[in-house]
Amino acid sequence: MGGDHKKQLMLEARGLHVQYGDYVVLDSVSFDLEEGQWLMIVGPNGAGKSTIVNAVSGGAPCTGEVLCLGRNIRSFKPHELARHIGVLAQKNAVGYSFTVREVIRLGRYAYSKGVFGGGDPGCEAAIDEALRLTGLTELENKSVLQLSGGELQRVFLAQLFSQDPKIMILDEPMNHLDLVYQKQLLGLVSDWLKTPGRAVISVMHDLSLAKAFGTQVLLLQHGRVVADGPAGEVLTREHLSQVYGMDVHEWMNELLSQWS
Amino acid sequence: MNRSTQSSKTAEGGAKHSSLFSRQNTREGSAPWVFLIYAAVTALVILLCVCVGSVTVPPGQTLRILFGRASESVSFYSIIRVVRLPRVLCVALTGASLSLCGAAMQGLLKNPLADGSTLGVSSGASLGAVLSIALGLTFPALPFAGTMVMAILFAFLSLVVIMSLAYKFDNSLSTNTIILIGIIFSMFANAILSLIITFAHDKLRTITFWTMGSLAGSSYGNALVLAVVLFIGSIIIISRARELNAFAIGEDNARNIGVNVKAVRISILITVAALIGVCVSIGGTIAFVGLVAPHIIRFITGPNHKRLLPAAVFGGAVFLMFADLVARTLLRPLELPLGVVTSLVGAVLFVIIFYRSRRKG
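Protein chains in written order, with our numbering: chain H, 1 to 260; chain B, 1 to 361.
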C-alpha cells in the first residue's frame, strides 16, 4: 500500500442527504478520508454529526453514496463491511453477564462464517492481542456487569481491535468517560492508526481534543459542511465564531488560563 | 472446535504465552459429557413422572412396561403406556420448545422478561387456533393441520404487530415498552378468544384450556409432531447462537460486528412462531415456561447462547414435567390446569427479575 508519497483514499462520501419529513438532517455532505488520517467531525448539537456516522456505517438510510476503497458500501455484505468499517458506539449497555472475553470474541464474528463459529484460526490470538492492547488481560473472565463505564468502553474498543477494520468510527466515545479514560482511549486509537492502511473518523464534542488528535476536521452546522480540511485550517477563529455564535477562541483561552 | 473448557491464565504470560494456550479458550459451547448429564437427568425425570400419579407404579415395574415386556398387571400397563407416557412426553417436548423460544427471544430482544406469554404471542396463537376451529377453517393441502397452521400464522402475526408497535412507541425497544405492549395485546387477544368461545362453545374446548393450558389426554401423535418441530426449531435457533449473543449485547453492536440483523431476526421470529404455534394448538397457553426455565438455566451456564440454548431445551423439559407432576398430584384426584402451576411460579419470578433489572439501571 501507499508509502510516504501516495496515500490511499480510504473512504469517499458523496452528497449524503438525510431528511425526516421536512426536516433536513444532512444536506449534501461530502468528504474524503485518506490512509493515516484522523477525521474529526465537529459542530454544535443537532448539526448532524452522529447521523453521518450512521450513514457511513450503513446503520441509517440516506441518499448519496459512500465508497469504501472505491466500492459502494451498499454492495458489501454485512460481514464484509464489518471487516472494513468498525464502529465504537456512544454508549454500550450490556444486560446479561457476558465475560469480557465473550464480548471481545464477537468482534471476530465477521471472520468465521461457519455456522458454529469455526474457520477463524486467528481468532484467539486476535482476542489476546486486543486484551493486551487495552490492558484488560486480567479482567478477561470478569462479567461485564461488574465493570465501570470506562472499563466497559475499553472492552468495546478491544472488540473493535479484534474486529480489525480498516476504518474505525468513534461516535462521541468520550461522552461518559472521565479524563483519565479519555486520554487512555485517544492514546490507544492514535497507536492503532500508526499501522499503514488505516484511518479513523470520530465525532467529537471537545474542540481541544479534536484539534490535538485530529489531522482533518469536518465542521458542520445545520447539516451542512461549513469547512473541511486540515485541522489547523478548519478550526479557525472565524469558522468557530460563525458556527457557535460566540468567540470560541477567547473562551478556550480563558478556560485554559485557569490552570496557569 | 476444542477440547477444554478451562480458560488459560494468560494474565501473567501476556501475549507471548497466549498463542500457546489460546486454543484452550476457544470452546464456548458445552463439552459432550455435559450433554450426557442433561440427557440422563431428563430421562430420570421422565421415569419419575411416569411412575408417580394417581396410582404410583414402582420404578422397576414401570421400566419393564416401558421396554416392552407384557406386564403382570394389565391396568398398570395401560396407565403407563396409554395414559402417562404420551402425556409426559408431550409435557417434556412442550417445555423444551417453550423454554428454547423464551431463551431465543430474551437474547434477540435483549430483554430478560421476554416469553411467549409475556409478549402475547401465545394468546395470539390461541386466537388463531380457536378461530380455525370455530370457523371450520382447513387448508386444502393440510386437512389435519388447519388449527396448527392458523396458530403458527397468528403467532407470527402477533410477533410482527407487537414488535412494530414497540418500535413505533420507543425505538430503543426498552424492556418496559415491549412487555407492556405484549400484555395489552395479550388481553386484547384473550377478549376476542372469550367472545368466540362464548358463541361457539359446542365446538370448542373451555376458555381455561386456551388460557391456562393442559396436556391431559395428549397422544403419541401429538408427541411426534412436537418432536419433529422441536428438532428442526432447535437446529435453526442453536445455529444462530453467536448472532443471539450479539443481539443480547445490543442490536447496534450486532450490526457493527457484521451480523445480518434483519435476516437473523426474521429467521428467529419465524422459528419461534412455529414452535409456539404448535405448542399452543396441542396444549393451550402454558404461561411463563419460557421465562422461568431459561432464567434458572442461565445461573448454571451463564448468558452465552452456545451453552444456554441447548441447556434450556433440557431445562424446559424438566421444569414443565415437574410442574405437570404437581398439577396432577397436588390436589388428587382433582387436576389443576398446567398453566396454573407455571403461572404461580412465573409471576413471582417475573416480579423478581423486573425488580432486579430496574435496580441495575
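Just so it is clear, CB atoms sit at the ideal spot from N, CA and C, and this is done for glycine as well. Quantities reported herein were computed from a predicted structural model and do not represent experimental measurements.
Sequence-ordered contacts of the segment 233 to 251 of chain B with chain H read SER239, ARG242, ASN245, ALA246, ALA248, ILE249 and GLY250 [C-beta pairs closer than 7 Å]. Here HIS295/B carries a helix assignment [DSSP, helix/strand/coil].
With a threshold of 16 other beta carbon atoms within 10 Å, ASN45/H falls short and is exposed. Taking ILE268/B as reference, the option from ILE297/B, ILE286/B, ASN253/B and ILE238/B with the minimal CA-CA separation is ILE238/B.
Only residues of its own chain outside the window of five on either side were considered, and among them PRO337 have a CB closer than 6 Å to the CB of THR208/B, listed in chain order. Taking the beta carbon of PHE213/H as reference, no residue of chain B falls within 8 Å; the closest one sits roughly 22 Å away. Counting C-beta pairs closer than 8 Å gives three or more between the segment 88 to 104 of chain H and the segment 141 to 150 of chain H, which meets the contact rule. Judged by beta-carbon spacing, LEU131/H lies beyond the 7 Å limit of GLU124/H, meaning their Cβ atoms are not closer than that value. Under DSSP, MET174/H shares a beta bridge with no residue. Counting along the chain, the unbroken beta strand (DSSP E) around TYR23/H starts and ends at 23 to 34. DSSP lists VAL200/H as the beta-bridge partner residues of TRP38/H. As a beta-bridge residue in DSSP terms, TYR20/H pairs with TYR23/H. Here the alpha carbon of GLY339/B sits roughly 9 Å from the alpha carbon of GLY284/B.
Contact between SER97/B and LEU226/B holds: CB atoms are separated by about 7 Å, below the 8 Å threshold. Remark: C-beta atoms of LEU240/H and VAL248/H approach each other more closely than 7 Å. Under the DSSP assignment, ALA104/B falls in the alpha helix (DSSP H) whose first and last residues are 85 to 108. Membership of VAL66/H in the beta strand (DSSP E) is indicated by the continuous run 63 to 68. In the three-state scheme derived from DSSP, where H, G and I count as helix and E and B as strand, GLY29/B is classed as coil. Counting only Cβ-Cβ distances below 9 Å, PHE98/H has contacts in chain B at ASN245, ALA248, ILE249, GLY302, PRO303 and ASN304, in chain order. Chain H has a Cβ within less than 7 Å of the Cβ of ASN256/B. The segment 81 to 96 of chain B and the segment 240 to 259 of chain B do not touch, with fewer than three beta-carbon pairs separated by less than 8 Å. Using a CB distance cut-off of 7 Å, PRO230/H does not count as an interface residue toward chain B. According to DSSP, residue pairing for THR99/H in a beta bridge involves SER143/H. Counting only runs that start and end inside the segment 255 to 295 of chain B, the alpha helix (DSSP H) elements of at least 4 residues fall at 261 to 283.
Taking a cut-off of 8 Å on C-beta distances, the segment 294 to 310 of chain B does not touch the segment 134 to 153 of chain B, as fewer than three cross pairs fall below it.
Close partners of TYR109/H in chain B (Cβ separation under 7 Å): ARG242, ALA246, ILE257, GLY258 and VAL259. Contacts with chain H at 7 Å (Cβ-Cβ) include LYS110/B. Ranking LYS203/B, GLY116/B and VAL91/B by CA distance to the CA of LEU131/B puts LYS203/B first. At a C-beta separation below 9 Å, ASN190/B has no neighbours in chain H, since its nearest C-beta there lies roughly 29 Å away. Pairing ALA241/B with LEU291/B gives a Cβ-Cβ distance that is not under 7 Å. Between the segment 71 to 89 of chain H and the segment 12 to 21 of chain H, the count of Cβ pairs shorter than 8 Å is below three; the stretches do not touch.
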